[in-house]
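Colleague: The sequence shown maps to residues 21 to 134 in our numbering. Quick reminder that beta carbons are idealized off the backbone N, C-alpha and C, glycines included. Keep in mind it's a predicted model, so treat the numbers as computed, not measured.
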Amino acid sequence: MTEKDKKTLREAILIMERLLDEGQSDLFDDTLSTSRRLPRFKKPTKQEVTDHFVKEGYTAWRGAEMWDYYESLNWCDSKGNPIRSWKLKARNVWMTPEHILKRNNGFEINTKEK
21 MTEKDKKTLR EAILIMERLL DEGQSDLFDD TLSTSRRLPR FKKPTKQEVT DHFVKEGYTA
81 WRGAEMWDYY ESLNWCDSKG NPIRSWKLKA RNVWMTPEHI LKRNNGFEIN TKEK
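1. Could you round the C-beta distance between W114 and K63 to whole angstroms and report it? I think they count as a contact, below 8 Å.
2. How do the segment 77-85 and the segment 26-45 stand: do at least 3 beta-carbon pairs fall below 8 Å, yes or no?
3. Straight-line CA distance for K26 to L108?
4. Residues bridged to P102 by DSSP?
5. On the DSSP bridge assignment, give the partners of Y78 in chain order.
6. Report the CB separation of P117 from F61 in whole angstroms; it is logged as a contact under 8 Å.
7. Do you know offhand how far E37's Cα is from L29's?
8. Pick helix, strand or coil for E42, following the three-state DSSP scheme.
9. Whose C-alpha, out of P59, M21, H72 and E31, is nearest the C-alpha of R111?
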């Protein structure tokens, strides 16, 4: 970036800051709304989580266990980072092979694979 480009950028930033200070933020609404923002996290209900686990072939109990765990942490992971996608977290952390339901003669059994 050349010195001329840097000077132009600094001037543009100063103009934007002045307009924002004057309360003219509506000029930037289109710019801000088109920026790449992550959707706000919507906390799932316990029923949504257990239904998702059952649909994926796991026990409802495992889904309830996940919901209770993250509810106690205010929907943050073990490092304190907010969860962005509970379904992704469920698949990557909670849906493990030893918790999948096996179907045998019409009955559901849960066997641990070793």
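Modeller: With the structure as the only source:
1. With a Cβ gap of about 16 Å, W114 and K63 do not count as contacting.
2. In short, these stretches do not touch, since the Cβ pair count stays below three.
3. A straight line joining the alpha-carbon of K26 with that of L108 spans about 41 Å.
4. The partner list for P102 (beta bridge, DSSP) reads C96.
5. The secondary-structure analysis by DSSP pairs Y78 across a beta bridge with I120.
6. So it is not a contact: roughly 28 Å between Cβ atoms.
7. Using only the alpha carbons, I get a separation of about 12 Å.
8. Coil.
9. Checking every option, the nearest Cα to that of R111 belongs to H72.
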